[in-house]
Amino acid sequence: MDACKSPQKVDRRVVKTQKAIRQAFRKLASEKGIGKITVSALAREADIDRKTFYLHFPSIDALVEKESNILIERVAQALTAPAGEREISTPQFMRRVLVELKAVTEEDPELYRNVIAKMSIDQMVEALREPVRKAVLAAAPAGFKPDDAAVDYAVRFYIAGTLSIFTEWFTNDRNRPIESIVDVVEQAANERRIIDAV
378 MDACKSPQKV DRRVVKTQKA IRQAFRKLAS EKGIGKITVS ALAREADIDR
428 KTFYLHFPSI DALVEKESNI LIERVAQALT APAGEREIST PQFMRRVLVE
478 LKAVTEEDPE LYRNVIAKMS IDQMVEALRE PVRKAVLAAA PAGFKPDDAA
528 VDYAVRFYIA GTLSIFTEWF TNDRNRPIES IVDVVEQAAN ERRIIDAV
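Residue numbers (my numbering): 378 to 575.
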């Protein structure tokens, strides 16, 4: 019986250590910026030694890549969350996506502020393009034959527009409820009075 329990204990310790490393990384990224994190500082913050860090990650760059992939996956999920509900309108869809993005960023606002400050919209679009494209195609009706170029343009347009609105709100206007931003965009689009709305 003890032999059966031993691997579970090892797995729990591995998970606990990786969680401590990730939390330390996020804290240091918020305080110093990603480029200034060292293995020594990260190990101190995580209350582990350098050797333990290297048992889990070959380098800081590998940890940064893993964290980036986690962030990209979370944001991609937020961007495609209601994709399966075809009966909702475009404004309802946008509202749900923006509210979901808000929920994701509220988990660690300083980390997302750091990421948004360091990445351009083009870089974000490029990072998110493939996961969002896969989700869109997965939600397409059976037998759908996509025009690859058209899907790519539509996905880029959707991601860039949504992220542009969201990053402007997140960076400059977080005191305003996110839902009111959707109302402004919806009104401007419906009335075709974008210039007058500004």
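Even glycine gets a Cβ: it sits at the ideal position worked out from N, Cα and C.
Sequence-distant residues of its chain with Cβ nearer than 8 Å to residue i (five each side left out)
i      : result
ARG510 : VAL528, ASP529 and VAL532
SER541 : ILE498
Residue-chain proximity (residue i, chain C), Cβ-Cβ < 8 Å
i      : result
THR482 : Note that chain C does not occur in the displayed structure, where there is just one protein chain.
Inter-residue CB distance, residue i and residue j (contact presumed, cutoff 8 Å)
i      : j      : result
ILE437 : ALA397 : Going by Cβ atoms, the distance from ILE437 to ALA397 rounds to 15 Å, so no, they are not a contact pair.
ARG472 : GLU556 : 6 Å
LEU488 : ARG403 : 5 Å
Residues near residue i by beta carbon distance below 6 Å, same chain, minus five either side
i      : result
ALA423 : ALA397, ILE398 and ALA401
Distance, residue j Cα to residue i Cα
i      : j      : result
SER407 : ALA494 : 11 Å
GLU589 : LEU419 : In the structure displayed, the chain extends from 378 to 575; residue 589 sits before or after that span and is not available.
MET501 : ARG551 : 20 Å
TRP546 : ILE558 : 8 Å
VAL452 : LEU432 : 29 Å
ARG523 : GLU442 : Note on residue identity: the sequence assigns Pro, not Arg, to residue 523. Roughly 31 Å separates the two Cα atoms.
ARG427 : VAL416 : 7 Å
SER445 : PHE470 : 26 Å
MET378 : LEU448 : Model confidence at MET378 stands at a pLDDT of 45, short of 50, so the residue's coordinates are unreliable and nothing is read from them.
PRO554 : ASP485 : 18 Å
Range of the contiguous alpha helix (DSSP H) that encloses residue i
i      : result
PRO486 : 486 to 495
SER436 : Per DSSP, SER436 belongs to no alpha helix (DSSP H) and is neither H nor E.
LYS413 : No alpha helix (DSSP H) holds LYS413; DSSP gives it neither H nor E.
GLY520 : Per DSSP, GLY520 belongs to no alpha helix (DSSP H) and is neither H nor E.
Close beta carbons around residue i, own chain, < 7 Å, minus the five adjacent residues each side
i      : result
VAL481 : ARG451, VAL452 and ALA455
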